[in-house]
Structure formats: C-alpha cells, structure tokens
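Structure, as structure tokens:
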Amino acid sequence: MSELKIQAICGFGVGSSTLLKIKIQGVLKEMGVEAEVFTGDVSSASGVLCDVIFTSNELAENLKSRAKVPVIVINNFVNSAEIKEKVEEFLKTR
Amino acid sequence: MGEIIRKQGLLIDNEKRNWEEAIRICGDLMVSLGSVTGEYTDAMVDAINKLGPYIVIAPHIAFAHAQAGTHVLKNDLVLVVFKEPVVFNCGNDPVHLMFGICAVAPDSHLEILQKLVEIIDGDKAYEEIRSCNTTEELYKLINK
C-alpha cells in the first residue's frame with residue numbers, strides 16, 4: 012500500500028486547515044500511522060491527488076459533489092478524540 | 020513556553036455583536052498592529068459570505084482569516100474574547116473566542132499555530148479563556 016495522503020481543507024488552505032493538519036498529524040503519530048498530511052483550499056481541493064479529505068461541515072457539501080475520495084467532516088477541529096475516531100473509521104475502510 | 024500572543028494582540032469586548040461586526044473588530048485590531056491592511060478584514064468577511072461560517076472550527080471558537088500573502092504585512096495571531104454570544108448560524112454557535120490569524124506565506128505561521136493548538140485543546144481551556152475579565156488575566160493564561 013502506498014503512503015496515505017490526507018488533505019485538510021479550508022477556504023484558503025491557510026488557517027483552519029493548518030490547525031486541522033496539526034491535529035491530524037498528532038493523532039496519526041499517537042496511532043503509529045505513517046501518512047502525508049497537507050492543506051488545501053476549497054476551490055482547488057478536488058483536483059489534488061489524495062486518499063481522503065478532512066474538512067468542516069460548511070465546506071463538505073461543496074466538496075462532496077466534486078471530490079473523488081471520501082470527504083470526512085470534523086465538527087470540532089481542536090478535539091483530538093473526534094479526529095482520532097474519524098481517522099480510525101477511515102483506516103478500517105482501506 | 021514563550022509569548023504566543025502579545026498583550027496588544029488581546030482584546031475583551033463586552034458589547035452584543037453580530038458576526039460581521041465581530042470579524043471587523045478582530046480585523047481592526049490586526050490593522051492597528053500593522054499586521055494587515057483593511058482589505059484583509061474585508062476578505063475575511065467576504066469569505067464567510069461566500070463559503071459559510073466554516074471558520075467556527077470548534078464549539079464557541081472561531082478562527083478568522085483570509086488568504087496568505089494577500090493584504091498581509093506580517094505573520095500575526097490575535098485573540099478577541101466576546102463576552103456576549105456572537106451568532107454565526109452554525110453548529111458550533113455561539114462564538115465567544117475569535118482568533119485572528121494572518122500569514123505572509125502558507126505554512127510560515129506553522130509554529131505559532133502549533134502553540135495555539137496546545138492552548139485551546141480541551142473544553143477547560145475555553146472556559147478559562149472566556150471567563151477572563153482583563154487583558155492582563157488573558158495574557159497570563161495564554162502565555163503561561
């Protein structure tokens with residue numbers, strides 16, 4: 012299996028997505044999972060190669076219609092528990 | 020831990036505000052510190068009008084920002100505590116803490132965000148920050 016590529020999305024790929032990236036990286040490290048985590052903005056996100064997209068509820072609807080990979084909604088970007096649960100759930104599908 | 024937000028970057032607001040007023044207060048603070056131009060504030064408001072209130076990234080916490088490198092003069096992080104609830108019409112309403120962030124280039128502000136993540140992790144941090152009544156208290160709590 013090639014390295015997992017996770018894209019964290021916000022409006023500009025700068026603020027909230029960077030925060031989410033940091034949290035996802037923390038969770039993955041804790042779980043001992045190797046993955047590349049990077050940020051993106053909502054307009055170009057669906058064109059970027061990745062295995063899964065993590066984003067907020069507001070942007071998910073916009074992305075789901077275009078994305079070719081699963082779009083996972085995170086309601087609380089600072090809650091490690093929610094992020095861990097959703098990462099685990101996704102890993103089971105791989 | 021070193022200084023994460025300087026004292027001038029902290030503000031406590033006691034008035035009832037709508038979401039746009041709240042963002043403009045946060046933006047004006049960044050303008051007054053010489054970190055962004057007024058257009059950056061407009062861009063933060065436009066982003067919400069266009070994309071929805073996605074900047075409310077956790078219950079009661081908003082993360083106001085616009086594009087890196089545009090209308091940005093230097094990397095910065097500010098915090099406005101709204102004593103009165105600010106409604107964005109989203110699942111994480113109402114907002115009481117608004118962090119304002121600007122970056123001259125993507126990822127150039129990673130270190131400061133990493134520190135921020137440590138501060139706001141967990142519900143307890145939110146309650147503590149929200150209950151501060153002076154910027155002195157806030158400064159001590161954020162930079163402890």
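Listed in order, the protein sequences are those of chains A and B. As numbered in this note's numbering, the first sequence has no gaps in its residue numbers, which increase by one up to the final residue, 105. As numbered in this note's numbering, the second sequence has no gaps in its residue numbers, which increase by one up to the final residue, 163. For every residue, glycine included, the Cβ atom is placed at its ideal position computed from N, Cα and C. Note that the coordinates shown come from a computational prediction; the quantities given were computed from them, not determined experimentally.
- Closest by C-alpha distance to V123(B), out of N111(B), A87(B), K102(B), is A87(B).
- Any Cβ of chain B closer than 8 angstroms to the Cβ of I33(A) would place that residue at the interface, and such an atom is present.
- In the same chain as K75(A), and ignoring 5 residues on each side of it, the C-beta atoms closer than 7 angstroms to its own belong to V82, in chain order.
- Any Cβ of chain B closer than 8 angstroms to the Cβ of E96(A) would place that residue at the interface, and such an atom is absent.
- A straight-line Cα-Cα distance of about 13 angstroms links G28(B) and K159(B).
- A straight-line Cα-Cα distance of about 44 angstroms links R149(B) and S13(A).
- Counting C-beta atoms within 10 angstroms of its own C-beta, K69(B) has fewer than 16 neighbours from the protein chains shown and is therefore classed as exposed.
- Under the three-state reduction of DSSP, T154(B) is assigned to helix.
- Annotation for I42(B): the continuous alpha helix (DSSP H) segment containing it runs 38-51.
- I35(A) and F118(B) have their alpha carbons spaced roughly 20 angstroms apart.
- Exposed is the label assigned to R105(A), since fewer than 16 other Cβ atoms lie within 10 Å of its Cβ.
- By the C-beta criterion, the stretch 73-82 of chain B is judged to be in contact with the stretch 66-74 of chain A, since at least 3 inter-stretch pairs fall below 8 angstroms.
- The C-alpha of A71(A) is placed about 27 angstroms away from the C-alpha of E58(B).
- Annotation: Cβ neighbours of G24(A) in chain B (cutoff 9 angstroms, chain order): Q86, A87, P125.
- For C61(A), the closest Cβ of chain B is not nearer than 8 angstroms.
- DSSP, reduced to helix, strand and coil, places K93(B) outside both helices and strands of the structure shown, so it counts as coil.
- L30(B) sits away from V114(B), with the two beta carbons spaced by 8 angstroms or more.
- With 16 or more other Cβ atoms inside 10 Å of its own Cβ, D95(B) counts as buried.
- Proximity of the stretch 30-45 of chain A to the stretch 89-103 of chain A meets the contact definition, three or more beta-carbon pairs being nearer than 8 angstroms.
- When beta bridges are read from the DSSP output, V48(A) appears opposite I17(A).
- It is roughly 13 angstroms from the alpha-carbon of I120(B) to the alpha-carbon of Q133(B).
- If you ignore the 5 residues before and after K93(B), its C-beta comes within less than 6 angstroms of the C-beta of S54, all in its own chain and listed in chain order.
- Those residues of the stretch 91-113 of chain B placed with their C-beta closer than 8 angstroms to a C-beta in chain A are C109, G110, N111, ordered along the chain.
- Counting only residues of its own chain and dropping the five nearest sequence neighbours on each side, I80(B) has a CB closer than 6 angstroms to the CB of L116.
- G46(B) and V97(B) have their C-alpha atoms spaced approximately 9 angstroms apart.
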